[in-house]
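Trainee:
Written as C-alpha coordinates, this is what we have:
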(Lines of atoms letter the chains of each structure in order from A and count residues from 1; the text may use other names and numbers.)
(Lines give C-alpha, C1' and ligand atoms only; values in the text may rest on other atoms or scores of the structure.)
Protein backbone atom coordinates (compact mmCIF):
# COMPACT_ATOMS: atom_id res chain seq x y z
CA UNK A 1 0.00 0.00 0.00
CA UNK A 2 1.35 3.40 -1.00
CA UNK A 3 -0.84 6.35 0.04
CA UNK A 4 0.39 9.93 -0.22
CA UNK A 5 -1.38 13.27 0.11
CA UNK A 6 -0.52 16.94 -0.25
CA UNK A 7 -2.56 19.63 1.46
CA UNK A 8 -2.46 23.35 0.79
CA UNK A 9 -2.06 25.04 4.18
CA UNK A 10 -4.11 28.26 4.32
CA UNK A 11 -1.67 29.84 6.77
CA UNK A 12 1.25 29.42 4.34
CA UNK A 13 -0.21 30.95 1.19
CA UNK A 14 -2.28 34.03 0.35
CA UNK A 15 -5.95 33.89 -0.58
CA UNK A 16 -4.98 35.14 -4.07
CA UNK A 17 -3.07 31.91 -4.70
CA UNK A 18 -5.49 29.64 -2.80
CA UNK A 19 -8.44 30.60 -4.95
CA UNK A 20 -6.51 29.51 -8.07
CA UNK A 21 -6.50 25.97 -6.63
CA UNK A 22 -10.15 25.95 -5.58
CA UNK A 23 -12.47 24.04 -7.90
CA UNK A 24 -16.13 23.46 -8.67
CA UNK A 25 -17.54 19.92 -8.74
CA UNK A 26 -17.37 19.83 -12.54
CA UNK A 27 -13.77 21.04 -12.52
CA UNK A 28 -12.84 18.50 -9.86
CA UNK A 29 -14.11 15.60 -11.97
CA UNK A 30 -12.06 16.73 -14.97
CA UNK A 31 -8.94 17.26 -12.86
CA UNK A 32 -9.23 13.81 -11.28
CA UNK A 33 -9.38 12.23 -14.73
CA UNK A 34 -6.15 13.96 -15.74
CA UNK A 35 -4.35 12.98 -12.54
CA UNK A 36 -5.47 9.35 -12.79
CA UNK A 37 -3.90 9.18 -16.26
CA UNK A 38 -0.45 10.06 -14.89
CA UNK A 39 2.03 7.15 -14.65
CA UNK A 40 2.07 5.20 -11.37
CA UNK A 41 -1.24 6.67 -10.13
CA UNK A 42 -3.74 3.95 -9.16
CA UNK A 43 -6.39 6.19 -7.62
CA UNK A 44 -6.95 9.81 -6.60
CA UNK A 45 -9.39 11.87 -4.52
CA UNK A 46 -9.46 15.67 -4.36
CA UNK A 47 -10.98 17.59 -1.44
CA UNK A 48 -11.66 21.18 -2.51
CA UNK A 49 -13.46 23.55 -0.14
CA UNK A 50 -13.26 27.24 0.72
CA UNK A 51 -10.46 26.54 3.21
CA UNK A 52 -9.02 23.24 2.03
CA UNK A 53 -7.35 21.79 -1.06
CA UNK A 54 -6.01 18.27 -0.53
CA UNK A 55 -5.09 15.63 -3.08
CA UNK A 56 -4.89 11.96 -2.00
CA UNK A 57 -3.15 9.39 -4.18
CA UNK A 58 -2.88 5.64 -4.20
CA UNK A 59 0.21 4.91 -6.26
CA UNK A 60 2.93 2.43 -7.13
CA UNK A 61 5.83 4.78 -6.34
CA UNK A 62 6.51 7.91 -4.25
CA UNK A 63 4.88 10.90 -5.97
CA UNK A 64 4.35 14.59 -5.18
CA UNK A 65 0.56 15.17 -5.21
CA UNK A 66 0.89 18.95 -4.98
CA UNK A 67 3.12 19.04 -8.03
CA UNK A 68 0.79 16.72 -9.96
CA UNK A 69 -2.22 18.90 -9.06
CA UNK A 70 -0.51 22.04 -10.37
CA UNK A 71 0.51 20.16 -13.51
CA UNK A 72 -3.06 18.96 -14.08
CA UNK A 73 -4.54 22.47 -13.87
CA UNK A 74 -1.72 24.31 -15.65
CA UNK A 75 -0.42 26.24 -12.63
CA UNK A 76 3.26 26.85 -11.85
CA UNK A 77 4.29 24.77 -8.85
CA UNK A 78 7.01 27.13 -7.57
CA UNK A 79 4.68 29.66 -5.82
CA UNK A 80 3.01 26.79 -3.93
CA UNK A 81 6.05 24.66 -3.11
CA UNK A 82 6.39 25.94 0.43
CA UNK A 83 2.63 25.91 1.06
CA UNK A 84 1.91 22.26 0.28
CA UNK A 85 2.42 19.84 3.17
CA UNK A 86 2.93 16.25 2.01
CA UNK A 87 2.21 13.21 4.17
CA UNK A 88 2.82 9.57 3.32
CA UNK A 89 1.26 6.25 4.34
CA UNK A 90 0.54 6.24 8.09
CA UNK A 91 0.73 10.05 8.35
CA UNK A 92 -1.63 10.46 5.40
CA UNK A 93 -4.12 7.99 6.89
CA UNK A 94 -3.99 9.67 10.31
CA UNK A 95 -4.39 13.11 8.74
CA UNK A 96 -7.55 12.16 6.86
CA UNK A 97 -9.04 10.67 10.03
CA UNK A 98 -8.42 13.97 11.82
CA UNK A 99 -9.78 15.97 8.88
CA UNK A 100 -13.06 14.03 8.92
CA UNK A 101 -13.32 14.54 12.68
CA UNK A 102 -12.96 18.31 12.28
CA UNK A 103 -9.63 18.45 14.10
CA UNK A 104 -7.72 19.92 11.17
CA UNK A 105 -10.20 22.66 10.32
CA UNK A 106 -9.75 26.36 10.93
CA UNK A 107 -12.98 26.01 12.88
CA UNK A 108 -12.53 23.37 15.56
CA UNK A 109 -14.97 20.51 15.06
CA UNK A 110 -16.74 22.13 12.10
CA UNK A 111 -19.93 20.40 10.98
CA UNK A 112 -19.56 20.76 7.20
CA UNK A 113 -16.36 18.74 6.79
CA UNK A 114 -18.10 15.34 6.93
CA UNK A 115 -20.31 16.16 3.94
CA UNK A 116 -17.28 17.64 2.16
CA UNK A 117 -15.23 14.45 2.63
CA UNK A 118 -18.22 12.36 1.50
CA UNK A 119 -18.63 14.63 -1.50
CA UNK A 120 -14.95 14.25 -2.42
CA UNK A 121 -15.00 10.44 -2.50
CA UNK A 122 -18.35 10.60 -4.30
CA UNK A 123 -16.89 12.76 -7.07
CA UNK A 124 -13.88 10.44 -7.35
CA UNK A 125 -16.25 7.48 -7.61
CA UNK A 126 -18.19 9.17 -10.41
CA UNK A 127 -14.95 10.02 -12.21
CA UNK A 128 -13.74 6.42 -11.88
CA UNK A 129 -10.64 7.40 -9.90
CA UNK A 130 -11.49 5.92 -6.48
CA UNK A 131 -9.53 2.67 -6.26
CA UNK A 132 -10.34 0.13 -3.49
CA UNK A 133 -7.66 1.50 -1.14
CA UNK A 134 -8.87 5.11 -1.23
CA UNK A 135 -12.51 4.02 -1.26
CA UNK A 136 -12.00 2.03 1.95
CA UNK A 137 -9.82 4.71 3.56
CA UNK A 138 -12.40 7.45 2.99
CA UNK A 139 -15.26 5.24 4.22
CA UNK A 140 -13.27 4.56 7.39
CA UNK A 141 -12.54 8.26 7.90
CA UNK A 142 -16.19 9.23 7.38
CA UNK A 143 -17.28 6.60 9.91
CA UNK A 144 -14.69 7.94 12.37
CA UNK A 145 -15.91 11.51 11.87
CA UNK A 146 -19.52 10.51 12.46
CA UNK A 147 -18.57 8.61 15.61
CA UNK A 148 -16.72 11.63 16.99
CA UNK A 149 -19.72 13.88 16.43
CA UNK A 150 -22.22 11.51 18.01
CA UNK A 151 -20.11 10.36 20.95
CA UNK A 152 -18.01 13.40 21.93
CA UNK A 153 -18.86 17.05 22.57
CA UNK A 154 -15.88 18.87 21.10
CA UNK A 155 -16.71 22.51 21.71
CA UNK A 156 -19.34 25.15 22.29
CA UNK A 157 -17.66 27.51 19.80
CA UNK A 158 -19.09 28.25 16.34
CA UNK A 159 -18.72 25.18 14.13
CA UNK A 160 -18.92 26.64 10.62
CA UNK A 161 -17.65 29.59 8.62
CA UNK A 162 -21.24 30.83 8.49
CA UNK A 163 -21.56 30.86 12.28
CA UNK A 164 -18.21 32.62 12.58
CA UNK A 165 -19.38 35.22 10.06
CA UNK A 166 -22.51 35.86 12.12
CA UNK A 167 -20.36 36.23 15.24
CA UNK A 168 -18.23 38.78 13.38
CA UNK A 169 -21.27 40.74 12.21
CA UNK A 170 -22.71 40.83 15.72
CA UNK A 171 -19.46 42.32 17.02
CA UNK A 172 -19.31 44.94 14.25
CA UNK A 173 -22.98 45.97 14.53
CA UNK A 174 -23.47 45.37 18.28
CA UNK A 175 -26.74 43.61 17.45
CA UNK A 176 -28.36 42.01 14.43
CA UNK A 177 -31.88 42.54 15.73
CA UNK A 178 -33.90 44.41 13.08
CA UNK A 179 -31.02 44.59 10.60
CA UNK A 180 -31.76 43.99 6.94
CA UNK A 181 -29.56 41.53 5.05
CA UNK A 182 -29.20 39.84 1.70
CA UNK A 183 -27.47 36.48 1.23
CA UNK A 184 -26.20 35.64 -2.24
CA UNK A 185 -26.18 31.88 -2.73
CA UNK A 186 -28.61 29.13 -1.86
CA UNK A 187 -26.13 26.31 -1.43
CA UNK A 188 -25.30 24.71 1.92
CA UNK A 189 -23.23 27.65 3.18
CA UNK A 190 -25.65 30.27 1.86
CA UNK A 191 -28.69 28.60 3.45
CA UNK A 192 -26.87 28.20 6.77
CA UNK A 193 -25.79 31.86 6.74
CA UNK A 194 -29.34 33.02 6.01
CA UNK A 195 -30.81 30.78 8.70
CA UNK A 196 -28.34 31.98 11.36
CA UNK A 197 -28.91 35.64 10.47
CA UNK A 198 -32.67 35.16 10.62
CA UNK A 199 -32.43 33.51 14.04
CA UNK A 200 -30.30 36.44 15.21
CA UNK A 201 -33.13 38.84 14.37
CA UNK A 202 -32.27 39.92 10.82
CA UNK A 203 -34.74 40.42 8.02
CA UNK A 204 -33.10 38.21 5.39
CA UNK A 205 -33.50 37.83 1.65
CA UNK A 206 -31.85 34.98 -0.24
CA UNK A 207 -31.03 35.05 -3.95
CA UNK A 208 -32.22 32.23 -6.20
CA UNK A 209 -31.12 31.58 -9.75
CA UNK A 210 -34.23 29.46 -10.34
CA UNK A 211 -37.08 28.04 -8.31
CA UNK A 212 -38.49 24.53 -8.58
CA UNK A 213 -41.46 23.76 -6.36
CA UNK A 214 -40.66 20.94 -3.98
CA UNK A 215 -36.94 21.02 -4.87
CA UNK A 216 -35.68 24.48 -3.90
CA UNK A 217 -35.05 24.85 -0.17
CA UNK A 218 -35.41 28.32 1.35
CA UNK A 219 -34.52 28.82 5.04
CA UNK A 220 -37.56 29.37 7.21
CA UNK A 221 -38.47 33.00 7.71
CA UNK A 222 -36.37 34.25 4.79
CA UNK A 223 -37.57 36.04 1.69
CA UNK A 224 -36.31 35.33 -1.83
CA UNK A 225 -35.20 37.50 -4.74
CA UNK A 226 -34.12 36.48 -8.26
CA UNK A 227 -30.35 36.40 -8.56
CA UNK A 228 -30.43 38.75 -11.55
CA UNK A 229 -32.28 41.35 -9.46
CA UNK A 230 -29.92 41.19 -6.47
CA UNK A 231 -28.59 44.76 -6.85
CA UNK A 232 -32.08 46.26 -6.92
CA UNK A 233 -32.69 44.68 -3.50
CA UNK A 234 -29.37 45.82 -1.98
CA UNK A 235 -30.40 49.47 -1.73
CA UNK A 236 -30.46 50.58 1.89
CA UNK A 237 -29.60 47.17 3.40
CA UNK A 238 -27.37 46.87 6.46
CA UNK A 239 -25.26 43.93 5.40
CA UNK A 240 -24.49 41.47 2.61
CA UNK A 241 -23.14 37.91 2.73
CA UNK A 242 -22.07 36.04 -0.40
CA UNK A 243 -21.41 32.29 -0.36
CA UNK A 244 -21.56 30.66 -3.79
CA UNK A 245 -19.40 28.27 -5.82
CA UNK A 246 -19.42 30.60 -8.80
CA UNK A 247 -16.10 30.96 -10.68
CA UNK A 248 -17.01 34.61 -11.31
CA UNK A 249 -17.64 37.60 -9.02
CA UNK A 250 -21.21 37.93 -7.77
CA UNK A 251 -20.52 41.52 -6.69
CA UNK A 252 -18.17 43.98 -8.42
CA UNK A 253 -17.15 47.52 -7.59
CA UNK A 254 -18.62 48.79 -10.86
CA UNK A 255 -21.99 47.22 -10.12
CA UNK A 256 -22.08 48.64 -6.60
CA UNK A 257 -21.16 52.10 -7.84
CA UNK A 258 -24.62 52.43 -9.37
CA UNK A 259 -26.29 52.13 -5.95
CA UNK A 260 -27.05 55.22 -3.91
CA UNK A 261 -27.18 53.38 -0.55
CA UNK A 262 -24.85 50.38 -0.47
CA UNK A 263 -24.68 47.80 2.36
CA UNK A 264 -21.90 49.09 4.64
CA UNK A 265 -20.73 45.64 5.77
CA UNK A 266 -20.06 42.71 3.43
CA UNK A 267 -18.77 39.21 4.15
CA UNK A 268 -17.36 36.97 1.42
CA UNK A 269 -17.39 33.29 2.44
CA UNK A 270 -16.36 31.94 -0.96
CA UNK A 271 -13.10 30.76 -2.49
CA UNK A 272 -12.69 31.70 -5.31
CA UNK A 273 -13.94 34.98 -3.91
CA UNK A 274 -17.46 36.17 -4.76
CA UNK A 275 -16.89 39.86 -4.03
CA UNK A 276 -14.30 41.77 -6.04
CA UNK A 277 -11.49 42.81 -3.63
CA UNK A 278 -11.70 46.42 -4.88
CA UNK A 279 -15.10 46.66 -3.20
CA UNK A 280 -13.28 46.88 0.13
CA UNK A 281 -11.63 50.11 -1.03
CA UNK A 282 -14.95 51.86 -1.70
CA UNK A 283 -15.97 54.62 0.71
CA UNK A 284 -18.29 53.50 3.48
CA UNK A 285 -17.85 49.74 2.90
CA UNK A 286 -16.10 47.24 5.18
CA UNK A 287 -15.35 43.97 3.37
CA UNK A 288 -14.37 40.76 5.19
CA UNK A 289 -13.36 37.38 3.73
CA UNK A 290 -12.68 33.94 5.20
CA UNK A 291 -9.18 34.93 6.29
CA UNK A 292 -10.67 37.64 8.50
CA UNK A 293 -12.72 35.13 10.50
CA UNK A 294 -9.71 33.92 12.49
CA UNK A 295 -8.67 30.39 13.38
CA UNK A 296 -10.85 29.02 16.17
CA UNK A 297 -9.11 25.65 16.12
CA UNK A 298 -5.73 26.78 17.40
CA UNK A 299 -4.23 25.30 20.57
CA UNK A 300 -7.10 22.93 21.21
CA UNK A 301 -6.54 19.71 23.17
CA UNK A 302 -7.89 16.56 21.55
CA UNK A 303 -10.02 14.62 24.07
CA UNK A 304 -8.81 11.08 24.74
CA UNK A 305 -12.20 9.74 23.63
CA UNK A 306 -11.59 11.22 20.17
CA UNK A 307 -8.12 9.70 20.00
CA UNK A 308 -9.54 6.29 20.86
CA UNK A 309 -12.25 6.56 18.18
CA UNK A 310 -9.76 7.54 15.48
CA UNK A 311 -7.36 4.79 16.54
CA UNK A 312 -10.10 2.16 16.38
CA UNK A 313 -11.14 3.16 12.84
CA UNK A 314 -7.50 3.39 11.74
CA UNK A 315 -6.82 -0.13 13.00
CA UNK A 316 -9.94 -1.37 11.22
CA UNK A 317 -8.65 0.14 7.96
CA UNK A 318 -5.27 -1.53 8.36
CA UNK A 319 -6.91 -4.89 9.06
CA UNK A 320 -8.63 -4.54 5.70
CA UNK A 321 -5.29 -3.63 4.08
CA UNK A 322 -3.64 -6.70 5.59
CA UNK A 323 -6.45 -8.93 4.37
CA UNK A 324 -6.24 -7.47 0.86
CA UNK A 325 -2.48 -8.01 0.80
CA UNK A 326 -2.99 -11.61 1.88
CA UNK A 327 -5.23 -12.39 -1.08
CA UNK A 328 -2.27 -12.33 -3.49
CA UNK A 329 -0.63 -15.09 -1.43
CA UNK A 330 -3.70 -17.33 -1.32
CA UNK A 331 -3.20 -18.98 -4.72
CA UNK A 332 0.46 -19.81 -4.04
CA UNK A 333 -0.55 -21.14 -0.62
CA UNK A 334 -3.09 -23.44 -2.25
CA UNK A 335 -0.37 -24.63 -4.68
CA UNK A 336 1.92 -25.45 -1.77
CA UNK A 337 -0.78 -27.41 0.06
CA UNK A 338 -1.73 -29.28 -3.11
CA UNK A 339 1.89 -30.27 -3.68
CA UNK A 340 2.12 -31.46 -0.07
CA UNK A 341 -1.02 -33.61 -0.24
CA UNK A 342 -0.82 -35.07 -3.73
CA UNK A 343 1.46 -38.14 -4.12
CA UNK A 344 2.36 -40.34 -7.10
CA UNK A 345 -0.04 -42.96 -5.74
CA UNK A 346 -2.79 -40.38 -5.82
CA UNK A 347 -2.08 -39.75 -9.51
CA UNK A 348 -2.30 -43.48 -10.28
CA UNK A 349 -5.74 -43.54 -8.72
CA UNK A 350 -7.07 -41.33 -11.54
CA UNK A 351 -7.93 -37.72 -12.23
CA UNK A 352 -11.13 -37.71 -10.23
CA UNK A 353 -9.23 -38.08 -6.99
CA UNK A 354 -6.99 -35.19 -7.99
CA UNK A 355 -10.04 -33.13 -8.64
CA UNK A 356 -11.43 -34.04 -5.25
CA UNK A 357 -8.17 -33.10 -3.53
CA UNK A 358 -7.95 -29.83 -5.45
CA UNK A 359 -11.51 -28.93 -4.55
CA UNK A 360 -10.94 -29.86 -0.93
CA UNK A 361 -7.81 -27.72 -0.75
CA UNK A 362 -9.58 -24.76 -2.34
CA UNK A 363 -12.45 -24.94 0.11
CA UNK A 364 -10.17 -25.53 3.09
CA UNK A 365 -7.93 -22.58 2.36
CA UNK A 366 -10.83 -20.27 1.53
CA UNK A 367 -12.50 -21.12 4.81
CA UNK A 368 -9.22 -20.75 6.66
CA UNK A 369 -8.48 -17.32 5.21
CA UNK A 370 -12.04 -16.13 5.74
CA UNK A 371 -12.00 -17.21 9.36
CA UNK A 372 -8.67 -15.56 10.07
CA UNK A 373 -9.30 -12.38 8.05
CA UNK A 374 -8.99 -10.11 11.08
CA UNK A 375 -5.78 -11.69 12.37
CA UNK A 376 -3.49 -12.80 9.52
CA UNK A 377 -0.96 -10.77 7.57
CA UNK A 378 0.80 -11.26 4.23
CA UNK A 379 4.03 -12.08 6.11
CA UNK A 380 2.25 -14.80 8.10
CA UNK A 381 1.01 -16.47 4.91
CA UNK A 382 4.43 -16.22 3.29
CA UNK A 383 6.08 -17.96 6.25
CA UNK A 384 3.38 -20.64 6.15
CA UNK A 385 4.01 -21.28 2.45
CA UNK A 386 7.79 -21.52 3.01
CA UNK A 387 7.27 -24.03 5.82
CA UNK A 388 5.03 -26.21 3.63
CA UNK A 389 7.42 -26.11 0.69
CA UNK A 390 10.34 -27.05 2.93
CA UNK A 391 8.67 -30.46 3.46
CA UNK A 392 7.73 -30.93 -0.21
CA UNK A 393 10.05 -33.35 -2.08
CA UNK A 394 9.27 -34.81 -5.45
CA UNK A 395 5.63 -33.77 -5.36
CA UNK A 396 3.85 -33.09 -8.64
CA UNK A 397 3.05 -29.45 -9.43
CA UNK A 398 -0.56 -28.38 -9.76
CA UNK A 399 -1.27 -27.68 -13.42
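Numbering (our numbering), first residue to last: 16 to 414. Using N, Cα and C, we set each Cβ at its ideal position, and we do this for glycine too.
Can you round the beta-carbon distance between residue 51 and residue 90 to whole angstroms, since I take them to be within the 8 Å contact cut?
Mentor: Within the chain shown, residue 51 is the residue found at index 36, counting from 1. Within the chain shown, residue 90 is the residue found at index 75, counting from 1. That pair is no contact at about 18 Å.
Trainee: Whose CA, out of 262, 249, 308, lies closest to the CA of residue 282?
Mentor: As a working mapping, residue 282 is identified with position 267 in the chain shown. Closest by alpha carbon: 308.
Trainee: Look at the alpha carbon of residue 243 and the alpha carbon of residue 261, and state the distance between them as a whole number of angstroms.
Mentor: Working through the chain shown from its first residue, we reach residue 243 at position 228. Working through the chain shown from its first residue, we reach residue 261 at position 246. Their Cα atoms are separated by approximately 14 Å.
Trainee: Where residue 359 and residue 152 are concerned, what is the direct C-alpha to C-alpha distance, given to the nearest angstrom?
Mentor: The residue labelled residue 359 in the question sits at position 344 within the chain shown. The residue labelled residue 152 in the question sits at position 137 within the chain shown. Note that residue 359 scores a pLDDT of 49, beneath 50, so its modelled location is shaky and nothing firm can be said.
Trainee: Using a Cβ distance threshold of 8 Å, determine whether the region 267-284 contacts the region 173-186, with at least three qualifying pairs required.
Mentor: Touching, yes.
Trainee: Do residue 70 and residue 81 have their C-beta atoms closer together than 8 Å?
Mentor: By 1-based counting over the chain shown, the position of residue 70 is 55. By 1-based counting over the chain shown, the position of residue 81 is 66. Yes; because the gap between Cβ atoms is below 8 Å, this pair is in contact.
Trainee: Who pairs with residue 73 in a beta bridge, going by DSSP?
Mentor: Counting from 1 along the chain shown, the entry for residue 73 is found at position 58. DSSP, once it has assigned bridges, lists 18, 58 as partnering residue 73.
Trainee: State the Cα-Cα distance for the pair residue 214 and residue 324, rounded to the nearest angstrom.
Mentor: As a first step, residue 214 is located in the chain shown; it is residue number 199 there, counting from the start. As a first step, residue 324 is located in the chain shown; it is residue number 309 there, counting from the start. Those two C-alpha atoms are separated by around 34 Å.
Trainee: Do residue 139 and residue 28 count as a contact pair if the criterion is CB distance below 8 Å?
Mentor: Here residue 28 corresponds to residue number 13 of the chain shown, with the count starting at 1. Here residue 139 corresponds to residue number 124 of the chain shown, with the count starting at 1. Against a cut-off of 8 Å, the Cβ pair of residue 139 and residue 28 comes out as no contact.
Trainee: Report the partner residues of residue 190 according to the DSSP bridge assignment.
Mentor: To locate residue 190, count along the chain shown from 1; it is residue 175. According to DSSP, residue 190 bridges with nothing at all.
Trainee: Would you call the region 251-261 and the region 231-239 touching, i.e. three or more CB-CB distances under 8 Å?
Mentor: Result no; under three Cβ-Cβ pairs closer than 8 Å.
Trainee: Does DSSP put residue 223 in a helix, a strand or coil?
Mentor: As a position in the chain shown, residue 223 is number 208, starting the count at 1. If DSSP states are grouped into helix, strand and coil, residue 223 belongs with the strands.
Trainee: The alpha helix (DSSP H) with residue 164 in it runs from where to where?
Mentor: Against the chain shown, residue 164 aligns to sequence position 149. Taken as a continuous stretch (DSSP letters only), the alpha helix (DSSP H) holding residue 164 covers 147-166.
Trainee: With a Cβ-Cβ cutoff of 8 Å, do residue 336 and residue 16 count as a contact?
Mentor: Numbered from its first residue, the chain shown carries residue 336 at position 321. Numbered from its first residue, the chain shown carries residue 16 at position 1. Yes.
Trainee: If you reduce the DSSP assignment to three classes, tell me which class residue 99 lands in.
Mentor: Within the chain shown, the letter at position 84 stands for residue 99. Reduced to three states, the DSSP call for residue 99 is strand.
Trainee: Excluding the five sequence neighbours on either side, which residues of its own chain have a C-beta within less than 7 Å of the C-beta of residue 63, listed in chain order?
Mentor: Locating residue 63 in the chain shown gives position 48, where the first residue counts as 1. For residue 63, where only same-chain residues beyond five positions count, the Cβ hits under 7 Å are 37, 38, 43.
Trainee: Could you give the DSSP three-state label for residue 303: helix, strand or coil?
Mentor: For the purposes of this step, residue 303 is taken as the residue at position 288 of the chain shown. If DSSP states are grouped into helix, strand and coil, residue 303 belongs with the strands.
Trainee: Who are the near neighbours of residue 85 in its chain, counting only those whose CB is closer than 8 Å to its CB and skipping five residues on each side?
Mentor: In the chain shown, residue 85 corresponds to position 70, counting from 1. Closer than 8 Å at the Cβ level, and outside the excluded window around residue 85, lie 36, 91, 92, 95.
Trainee: Near residue 108, which residues of its chain fall below 7 Å by C-beta distance, leaving aside the five closest residues on each side in sequence?
Mentor: If you number the chain shown from 1, residue 108 lands on position 93. Answer for residue 108: 18, 152, 329, 332, listed in chain order.
Trainee: Can you tell me which of 272, 265, 263 puts its alpha carbon nearest to the alpha carbon of residue 250?
Mentor: Residue mapping note: residue 250 aligns to position 235 of the chain shown, counting from 1. Selected option, being the one with the closest Cα: 272.
Trainee: Once the 5 residues before and after residue 264 are set aside, which same chain residues still bring their CB inside 7 Å of it?
Mentor: For the purposes of this step, residue 264 is taken as residue 249 along the chain shown, with counting starting at 1. Hits under 7 Å: 289, 290, 291.
Trainee: Contact check, residue 115 vs residue 145 under 8 Å by CB: the rounded distance?
Mentor: As a first step, residue 115 is located in the chain shown; it is residue number 100 there, counting from the start. As a first step, residue 145 is located in the chain shown; it is residue number 130 there, counting from the start. The Cβ separation is near 16 Å, so there is no contact.
Trainee: What does the alpha-carbon distance come out to for the pair residue 372 and residue 339?
Mentor: The residue you call residue 372 lines up with position 357 of the chain shown. The residue you call residue 339 lines up with position 324 of the chain shown. Each residue's alpha carbon lies about 26 Å from the other.
Trainee: Just confirm the distance between the C-beta atoms of residue 195 and residue 217, as a whole number of angstroms; I'd bet it's less than 8 Å.
Mentor: Within the chain shown, numbered from 1, the residue matching residue 195 stands at position 180. Within the chain shown, numbered from 1, the residue matching residue 217 stands at position 202. Going by Cβ atoms, the distance from residue 195 to residue 217 rounds to 7 Å, so yes, they are a contact pair.
Trainee: Given a threshold of 16 other Cβ atoms within 10 Å of its Cβ, counted over all protein chains shown, does residue 25 qualify as buried or as exposed?
Mentor: Position 10 of the chain shown, counted from the start, is the residue given in the question as residue 25. By the neighbour-count rule (16 or more Cβ atoms within 10 Å), residue 25 is buried.
Trainee: Rounded to the nearest angstrom, what separates residue 252 and residue 150 at their Cα positions?
Mentor: In the chain shown, the residue the question calls residue 252 occupies position 237. In the chain shown, the residue the question calls residue 150 occupies position 135. Cα to Cα, the separation comes out at about 47 Å.
Trainee: Taking the continuous alpha helix (DSSP H) assigned at residue 108, which residues delimit it?
Mentor: Sequence index remark: in the chain shown, residue 108 carries index 93 (1-based). Run containing residue 108: 105-115, per the alpha helix (DSSP H) assignment.
Trainee: What do you get for residue 31, buried or exposed, if any count of 16 or more other CB atoms within 10 angstroms of its CB means buried?
Mentor: In the chain shown, the residue the question calls residue 31 occupies position 16. So residue 31 counts as exposed.
Trainee: How about residue 142 and residue 48: do their beta carbons lie closer than 8 Å?
Mentor: Here residue 142 refers to the residue found at position 127 of the chain shown. Here residue 48 refers to the residue found at position 33 of the chain shown. In this structure, residue 48 lies closer than 8 Å to residue 142 by Cβ.
Trainee: Skipping 5 residues on each side, what residues in its chain have a beta carbon closer than 7 Å to that of residue 166?
Mentor: Along the chain shown, read from residue 1 onward, the residue named residue 166 stands at position 151. These residues qualify, in order along the chain: 320, 324.
Trainee: According to DSSP, which residues form a beta bridge with residue 254?
Mentor: The residue you call residue 254 lines up with position 239 of the chain shown. Per DSSP, 196, 280.
Trainee: List the residues that DSSP assigns as beta-bridge partners of residue 63.
Mentor: Here residue 63 refers to the residue found at position 48 when the chain shown is read from its first residue. Residue 63 is bridged to 68.
Trainee: Within 10 angstroms of the Cβ of residue 267, are there 16 or more other Cβ atoms? Answer buried if so, exposed if not.
Mentor: Residue 267 sits at position 252 when you count from the first residue of the chain shown. Under this definition residue 267 is an exposed residue.
Trainee: CA-CA distance, residue 221 and residue 326?
Mentor: Here residue 221 refers to the residue found at position 206 when the chain shown is read from its first residue. Here residue 326 refers to the residue found at position 311 when the chain shown is read from its first residue. The alpha-carbon atoms of residue 221 and residue 326 are separated by roughly 42 Å.
Trainee: Let me confirm a value: residue 98 is counted as buried when at least 16 other C-beta atoms fall within 10 Å, else exposed. Which label applies?
Mentor: Taking the chain shown and counting its residues from 1, the one referred to as residue 98 is at position 83. It counts as buried.
Trainee: DSSP three-state call for residue 290: helix, strand or coil?
Mentor: Stepping through the chain shown from its first residue, residue 290 is reached at position 275. Residue 290 falls in the strand class under three-state DSSP.
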